[in-house]
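Keeping their order, the protein sequence lines are chains A and B. By the count of the numbering used here, the first sequence reaches residue 397 at its end, each step adding exactly one. By the count of the numbering used here, the second sequence reaches residue 98 at its end, each step adding exactly one. From the three backbone atoms N, C-alpha and C, an ideal C-beta is built for every residue, glycine too.
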Amino acid sequence: MLAKKGKVSVMMGNAVAATVARLCRPEVVSLYPITPQSEVAETMSGFVADGSLDAEIVEVEGENSAMNVCRAASLAGARTFTATSSYGLVYMYDTVLETAGFRAPVVMVNVNRETPGIHAVSSGQQDMISTRDAGWVQIIVENNQEIADQLIMCYRLAEDYDIQLPVMLNYDGYYLSYLNEEVEIPEQSDVDAFLAPLKDQPRRPRIIPGKSTGCGTHGMEMGYVEARYKHWLALDRVKQKVDEIDKKFGEYFGRNYGGQIEEYRMKDAEIAILASGSAAGTAKTVVDTKREQGLKVGLIKLRLYRPFPEERLIAALKGKKAVGVIDRSISFGWKAGPMAVELKALCNQIGNIPVLSYIDGLANLDITIPHIGRVVDEVNAAAKGKPYQEVTWIPLE
Amino acid sequence: MVIKYKYQMQTEAPWSDANQKMLALDTGGWRTERPVLDKSLCNYCGLCSLYCPPQCMRDKGDHYEADLAWCKGCGICVHECPRKALSMKPEGEFTNAR
């Protein structure tokens, strides 16, 4: 470990996001407050106002402009930061797509909240799911320490010359956003050192006044196909890069997260649970309890949602007898949750095992220990050949 | 998958300069009117070329001329010409229907 011991204190998730974003030294910050992200916007503005962050802060009238500002600044060569949630993410949808298509390495915190449809001021991953195919890298974290560490890794990933993609860091609104937890905030010099290798890479193209260069305009016919193909390949490269950066982060700061996925007690597991976000923390507790009772169960925490960690999941689940997937969102038009659907797409490589889909934790309803305990029991029964229900909306039963 | 295609853009992100190689689509087919120059009024200032969206104005040494393979007929060159040397004429006048 190379890093000095950072300051340890009890911090709210949103304060952690802002504090660590500042340590990454963004040059242009543009965001608009929205529940449950508002403290990120307020704190970042405070940092610029009190001089502790040397950044240009662009005050905008809404999220659409915030993302446009960040994309433009990023194409001019700046490091940028923004944060949003739910309605805000939806309001910037067109420019979220453009930021990815232009390959602008914007880093955005998205504090997960239910989306428009039914007005819901409550937690859920539906906002993130609604931008699934936007071409961003999407990462989901479990706790406040992971917000801190992952945000630093996000910059290292987004701006990597081989990647050049925007990264969305997701954490559960209302749960992590307002949760006070013990967090170690790294020293400024260590964050600088960890991000320093980016400076040794070739400089990505940028807008230069007076030069007739442009980005993202040649979307006709083969220009479109070519740009999409390169984008598609870059997302595939992200998977290995996430594992590499996680390893380097561990060597430097002494904390590892497993890269694309975290495998918790999976080695000798016969059955598995797949979960993400703060619910993964609860699931670990359940796995421990069930293990004490003699059940060989493990947890896969999905950290990287886009690109989907196909290879790691296949390797982790090969030989397992059944898997239960807990989704905090809905895939309208599919008879399973979004993550369950995608896992099912891997079943010809994993083996034709039962995949049980569970919808839980919508609209701030807790994904509780009994809920996950029940999932484990049902997956265990399915592994033994008992009939099972394909999809279960836990709160409705 | 075997990729036979050769990349047009040199960069990873879709960056390009406004050079002719990126003209990929035959936008000339969109035109219903075309810019026509009165050479007696033109002083070769080049504003038409600067403002042309698909950058299809060709430098002819003492005046500019729209490359009709790419000219969309938007009329911006006519609008920008300070000496009113350019005017839009309907395509119908140039077809050899009769």
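Return the first residue and the last residue of the alpha helix (DSSP H) that G223 of chain A is part of.
221 to 253
For D327 of chain A and P53 of chain B, I'd like the C-alpha separation in whole angstroms.
48 Å
Given Q145 of chain A, which residues of its chain have a CB within under 6 Å of its CB, disregarding the five upstream and five downstream residues?
V183
If I measure Cβ to Cβ from T392 of chain A and keep anything under 6 Å in the same chain, skipping five residues before and after, which residues do I get?
Around T392 of chain A: Y358.
Alpha-carbon to alpha-carbon, K4 of chain A and D190 of chain A
Near 7 Å, if we compare the C-alpha coordinates of K4 of chain A and D190 of chain A.
Could you tell me how far apart the beta carbons of V287 of chain A and L304 of chain A are, in whole angstroms, since I believe they sit closer than 8 Å?
Not a contact, Cβ separation roughly 21 Å.
Between A:Q37, A:E39, A:Y32, A:L75, which has its C-alpha nearest I57 of chain A's C-alpha?
Checked all of A:Q37, A:E39, A:Y32, A:L75; the closest Cα to I57 of chain A is A:Y32.
C-beta neighbour in chain B for R103 of chain A, strict 8 Å
yes
Bridge partners for V341 of chain A per DSSP, in chain order?
V341 of chain A pairs with nothing; no bridge assigned.
Spatial neighbours of F249 of chain A within its chain, please: CB distance less than 6 Å, with the 5 preceding and 5 following residues excluded, ordered by chain position.
M153
Under 9 Å from the C-beta of E226 of chain A: neighbouring residues of chain B:
Simply Y5, Y7, Q8, M9, P14.
For T99 of chain A and N68 of chain A, the rounded distance between their alpha carbons:
8 Å
Any beta carbon of chain B sitting closer than 8 Å to that of G210 of chain A?
Interface residue (Cβ-Cβ distance to chain B less than 8 Å): G210 of chain A is not classified as such.
Which chain B residues sit within Cβ distance under 7 Å of C215 of chain A?
A13, P14, W15
Touching by the beta-carbon criterion (3+ pairs, under 8 Å), the segment 367 to 382 of chain A and the segment 332 to 344 of chain A:
no
What residues in its chain sit with their C-beta under 8 Å from that of P197 of chain A, if we drop five residues either side in the sequence?
Contacts found: R156.
For S122 of chain A, which residues of its own chain have a beta-carbon under 6 Å away from its beta-carbon, when the five flanking residues on both sides are left out?
Counting only Cβ-Cβ distances below 6 Å, and skipping sequence neighbours, we find E114, A363, N364.
DSSP state of K5 of chain A mapped onto helix, strand, coil:
coil
Who are the near neighbours of P395 of chain A in its chain, counting only those whose CB is closer than 6 Å to its CB and skipping five residues on each side?
L365
Measure the C-alpha to C-alpha separation of L176 of chain A and G277 of chain A and round it to an integer number of angstroms.
Computed Cα separation, rounded: 9 Å.
Is Q240 of chain A close to chain B? Criterion is C-beta to C-beta, closer than 8 Å.
no
Simplified DSSP state of F406 of chain A, which is helix, strand or coil
Only positions 1 to 397 of chain A appear in this structure, which leaves residue 406 of chain A out of reach.
Is there a C-beta anywhere in chain B that falls below 8 Å from the one on K230 of chain A?
Interface criterion met: the Cβ of K230 of chain A is under 8 Å from a Cβ in chain B.
If the criterion is Cβ atoms closer than 8 Å, does the pair Q10 of chain B and G223 of chain A meet it?
no
By the 10 Å Cβ neighbour count, where 16 or more other Cβ atoms means buried, how is Y5 of chain B classified, buried or exposed?
exposed
Partner residues on chain B for M67 of chain A, Cβ-Cβ distance less than 9 Å
Those do not exist, as M67 of chain A stays about 17 Å from chain B at its closest Cβ, beyond 9 Å.
Check whether the Cβ atoms of E39 of chain A and A21 of chain A lie closer than 8 Å to each other.
no
Below 8 Å between beta carbons: does that hold for L86 of chain B and V78 of chain B?
With contacts defined by Cβ atoms closer than 8 Å, L86 of chain B and V78 of chain B form a contacting pair.
Determine the burial state of F308 of chain A: buried for a count of at least 16 other Cβ atoms within 10 Å of its Cβ, exposed for fewer.
buried
Could you check whether M12 of chain A and Y178 of chain A sit closer than 8 Å to each other, using their CB atoms as the reference points?
yes
Under 6 Å Cβ to Cβ from A280 of chain A, same chain only, skipping five residues before and after it: list those, please.
E142, K301
Could you have a look at P370 of chain A and say whether DSSP puts it in helix, strand or coil?
helix
For R103 of chain A, is the classification buried or exposed, using 16 other Cβ atoms within 10 angstroms of its Cβ as the cut-off for buried?
buried
Measure the alpha-carbon distance for T368 of chain A versus T213 of chain A and round it to whole angstroms.
54 Å
Closest by C-alpha distance to W15 of chain B, when choosing among A:R228, A:V242, A:Y388:
A:R228
Please classify P209 of chain A: does DSSP put it in a helix, a strand, or coil?
The three-state secondary structure of P209 of chain A, taken from DSSP, is coil.
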